[in-house]
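And the structure:
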């Protein structure tokens, strides 16, 4: 039986990564909306599935997985062949190095800025914007010379890094001065099966 | 020719992860000390190898890799067979989910607290200690029921997460109240080939 279920919050870029990648893979996905405002992610049954008290959580049959980047790894290896996360050591490490950028630099930059501006999280907005500017500069330089982040094609590195970059304008981090980043987002949008989410900065 | 070289800083837990894992794998490693105080990691040639301006950086023949977690992935897949990072989708995702904990919760908790106390980084020490307490609580609960973080044996998840947890006492985050975490560190110390680093809280 196909019981692939995503515990989901629509405005979450981390949940969107999973929705987007399933769409690109052509995978069915049952969406289970989580009542985030009521703290459902910090109560049973979700806290038992993920002690970190966060979403997304993916249930695939008997398997329960936390963390959006790890879920992308699972889906890529299970359903994506060698295309989205190759087993080759160097290629895999290159992809993973960008998953870490999604988990760290992008989370603490444009994502934190958006959490502050859009959702009222009490964090240091100046530091978030400063970190956002730094990672956007690195991304712009990298994408001026490369079409995709990790390899010569789209991988889960691109899927993991794109959402909070493209949502940054909701945290006062627009992409006006970053033509290479905007072109990269456009390439992702052009992938067969692409789906958007509310607030995503579109390049078209 | 064997020209595996680590651009290294001895007190860095991230560099230590790579030294430790190479020791466990029985791999030779040329150590190239980086003059961190002089900012060598932010100048050529290192900034050209890693635009993020951070160490460790690993050079293996023609290959250059950044980010300690990604370097562990490379070494595990290249030299570790299926043991430290299996190709199975579920097992790989479980390992990667803990690599993300090393990159995020542990970095922003015990590592930030140590950066503040030991190296004078100007960051919010109260928030770092609060985050440290939270992740240590999650780790303690998990390790009360599991010998290792991700699978039924040591993986790179353990290598990635252990150092900054065991160095936390240098940031005012000791492990006195965490017997399961201390037992886990002891199991890692008992792995054949284990090497320590200065400041590592020992359990023996």
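Protein chains in written order, with the working numbering: chain U, 90 to 293; chain E, 90 to 293. Note that the Cβ used here is the ideal one computed from N, Cα and C, for glycine as well.
(message) I'd like to know whether the C-beta of residue 214 (chain E) is nearer than 8 Å to at least one C-beta of chain U.
(response) The residue you call residue 214 (chain E) lines up with position 125 of the second chain. Cβ-Cβ to chain U under 8 Å: no for residue 214 (chain E).
(request) Measuring alpha carbon to alpha carbon, tell me which of E:174, E:273, E:250, E:94 ends up nearest residue 232 (chain E). (result) Counting from 1 along the second chain, the entry for residue 232 (chain E) is found at position 143. Considering only alpha carbons, the answer is E:273.
(message) Using beta carbons (cut-off 8 Å, strictly below), is residue 131 (chain U) in contact with chain E?
(response) To locate residue 131 (chain U), count along the first chain from 1; it is residue 42. Closer than 8 Å: no.
(request) Anything in the region 90-103 of chain U with a Cβ closer than 9 Å to a Cβ of chain E? List those residues in chain order, please. (result) none
(request) Kindly indicate if chain U contains any beta-carbon less than 8 Å away from that of residue 167 (chain E). (result) Position 78 of the second chain, counted from the first residue, corresponds to residue 167 (chain E). The C-beta of residue 167 (chain E) comes closer than 8 Å to at least one C-beta of chain U.
(message) By the three-class DSSP mapping on this structure, what secondary structure does residue 122 (chain E) have?
(response) Locating residue 122 (chain E) in the second chain gives position 33, where the first residue counts as 1. Residue state, collapsed to three classes: strand.
(request) Would you mind telling me which residues of chain U sit closer than 7 Å to residue 156 (chain E), beta carbon to beta carbon, in chain order? (result) If you number the second chain from 1, residue 156 (chain E) lands on position 67. Within chain U, the residues near residue 156 (chain E) are 186, 189.
(message) Measuring only the C-alpha atoms, how far is residue 166 (chain U) from residue 166 (chain E)?
(response) Indexing the first chain from 1 puts residue 166 (chain U) at position 77. Indexing the second chain from 1 puts residue 166 (chain E) at position 77. If I take the Cα positions, the gap works out to 14 Å.
(message) So that I know if they touch, is there some Cβ in chain E lying closer than 8 Å to that of residue 253 (chain U)?
(response) Along the first chain, read from residue 1 onward, the residue named residue 253 (chain U) stands at position 164. Not closer than 8 Å to any Cβ of chain E, the Cβ of residue 253 (chain U) fails to qualify, so no.
(message) Any C-beta of chain E within less than 8 Å: which residues of the region 134-161 of chain U qualify?
(response) 140, 141, 152, 154, 155, 156, 158, 159, 160
(request) For the beta strand (DSSP E) containing residue 155 (chain U), list its first residue and its last residue. (result) Taking the first chain and counting its residues from 1, the one referred to as residue 155 (chain U) is at position 66. For residue 155 (chain U), the enclosing beta strand (DSSP E) starts and ends at 152-155.
(request) May I ask you to report which of helix, strand or coil DSSP gives residue 185 (chain E)? (result) The count along the second chain starts at 1 and reaches residue 185 (chain E) at position 96. DSSP places residue 185 (chain E) in helix when its eight states are reduced to three.
(request) Answer yes or no: does any C-beta atom of chain E fall closer than 8 Å to that of residue 175 (chain U)? (result) Residue mapping note: residue 175 (chain U) aligns to position 86 of the first chain, counting from 1. So, not an interface residue.
(request) Per DSSP, which residues does residue 94 (chain U) bridge with? Please list them. (result) By 1-based counting over the first chain, the position of residue 94 (chain U) is 5. DSSP output for residue 94 (chain U) lists U:119, U:148 as bridge partner(s).
(request) Note down, in chain order, every chain U residue with its Cβ under 8 Å from the Cβ of residue 193 (chain E). (result) Along the second chain, one-based indexing puts residue 193 (chain E) at 104. Within chain U, the residues near residue 193 (chain E) are 192, 193, 196.
(message) Against chain E, does residue 126 (chain U) count as a neighbour if the rule is that its beta carbon must be under 8 Å from one of theirs?
(response) To locate residue 126 (chain U), count along the first chain from 1; it is residue 37. It does not: the Cβ of residue 126 (chain U) has no partner Cβ on chain E nearer than 8 Å.
(request) Return the chain-ordered list of same chain residues with a C-beta closer than 8 Å to the C-beta of residue 212 (chain E), the five sequence neighbours on each side being excluded. (result) As a first step, residue 212 (chain E) must be located in the second chain, where it is residue number 123. Counting only Cβ-Cβ distances below 8 Å, and skipping sequence neighbours, we find 201, 204, 205.
(request) Would you mind working out which of E:264, E:243, E:251, E:164 sits nearest residue 286 (chain E), comparing C-alpha positions? (result) As a working mapping, residue 286 (chain E) is identified with position 197 in the second chain. Of the candidates E:264, E:243, E:251, E:164, the one whose C-alpha sits nearest the C-alpha of residue 286 (chain E) is E:251.
(message) I'd like the span of the alpha helix (DSSP H) that includes residue 255 (chain U), first residue to last.
(response) Position 166 of the first chain, counting from 1, holds the residue named residue 255 (chain U). Run containing residue 255 (chain U): 245-255, per the alpha helix (DSSP H) assignment.
(request) Assuming residue 227 (chain E) and residue 173 (chain E) form a contact by the criterion Cβ under 8 Å, report the distance between their Cβ atoms to the nearest whole angstrom. (result) Taking the second chain and counting its residues from 1, one reaches residue 227 (chain E) at position 138. Taking the second chain and counting its residues from 1, one reaches residue 173 (chain E) at position 84. Going by Cβ atoms, the distance from residue 227 (chain E) to residue 173 (chain E) rounds to 23 Å, so no, they are not a contact pair.
(message) So, with DSSP's three-state summary, where would you put residue 102 (chain U)?
(response) Locating residue 102 (chain U) in the first chain gives position 13, where the first residue counts as 1. Helix, per DSSP.
(message) Counting C-beta neighbours from all protein chains within 10 Å, is the total for residue 127 (chain U) 16 or more, i.e. buried, or is it exposed?
(response) Against the first chain, residue 127 (chain U) aligns to sequence position 38. Counting Cβ neighbours within 10 Å, residue 127 (chain U) comes out exposed, since fewer than 16 surround it.
(message) So, with DSSP's three-state summary, where would you put residue 173 (chain U)?
(response) For the purposes of this step, residue 173 (chain U) is taken as the residue at position 84 of the first chain. In this structure, residue 173 (chain U) counts as coil in the three-state DSSP scheme.
(message) Once DSSP output is grouped into helix, strand and coil, what is the label at residue 113 (chain E)?
(response) Residue mapping note: residue 113 (chain E) aligns to position 24 of the second chain, counting from 1. Looking at residue 113 (chain E) - three-state DSSP - the assignment turns out to be helix.
(request) Rounded to whole angstroms, what's the CA-CA distance from residue 146 (chain E) to residue 122 (chain U)? Just pull it up for me. (result) Counted from its first residue, the second chain places residue 146 (chain E) at position 57. Counted from its first residue, the first chain places residue 122 (chain U) at position 33. When rounded, the distance between both Cα atoms is 41 Å.
(message) Spatial neighbours of residue 51 (chain U) within its chain, please: C-beta separation below 7 Å, excluding the five flanking residues on both sides.
(response) Within the shown structure, residues of chain U are numbered from 90 to 293, placing residue 51 (chain U) beyond reach of any answer.
(message) Would residue 277 (chain U) pass as an interface residue toward chain E - the criterion being a Cβ-Cβ separation below 8 Å?
(response) Walking along the first chain from the start, residue 277 (chain U) turns up at place 188. Not one chain E Cβ lies under 8 Å of residue 277 (chain U).
(request) Taking residue 227 (chain E) as the query, report the chain U residues whose CB atoms sit under 8 Å from its CB, ordered along the chain. (result) On the second chain, position 138 is the one that residue 227 (chain E) refers to. The contacting residues are 140, 141.
(request) Could you work out which residues of chain U lie near residue 230 (chain E), taking near to mean beta carbons separated by less than 9 Å? (result) On the second chain, position 141 is the one that residue 230 (chain E) refers to. Correct list: 140.
(message) Quick check: is the beta carbon of residue 179 (chain U) nearer than 8 Å to any beta carbon in chain E?
(response) One-based indexing of the first chain puts residue 179 (chain U) at position 90. Closer than 8 Å to some Cβ of chain E, the Cβ of residue 179 (chain U) qualifies, so yes.
(request) Identify the contact partners of residue 163 (chain E) in chain U, using a Cβ-Cβ distance below 8 Å as the criterion. (result) If you number the second chain from 1, residue 163 (chain E) lands on position 74. In chain order: 178, 179, 181, 182.
(request) For residue 92 (chain E), collect the residues of the same chain with a Cβ closer than 8 Å to its Cβ; drop the 5 residues on either side in sequence, then sort them by chain order. (result) If you number the second chain from 1, residue 92 (chain E) lands on position 3. Closer than 8 Å at the Cβ level, and outside the excluded window around residue 92 (chain E), lie 119, 148, 149, 150.
(request) Enumerate in chain order the residues of its own chain whose CB-to-CB distance from residue 144 (chain E) is below 8 Å, with the five nearest sequence positions on each side excluded. (result) Locating residue 144 (chain E) in the second chain gives position 55, where the first residue counts as 1. Result list for residue 144 (chain E): 96, 97, 98, 101, 103, 104, 123, 125, 130, 135, in chain order.
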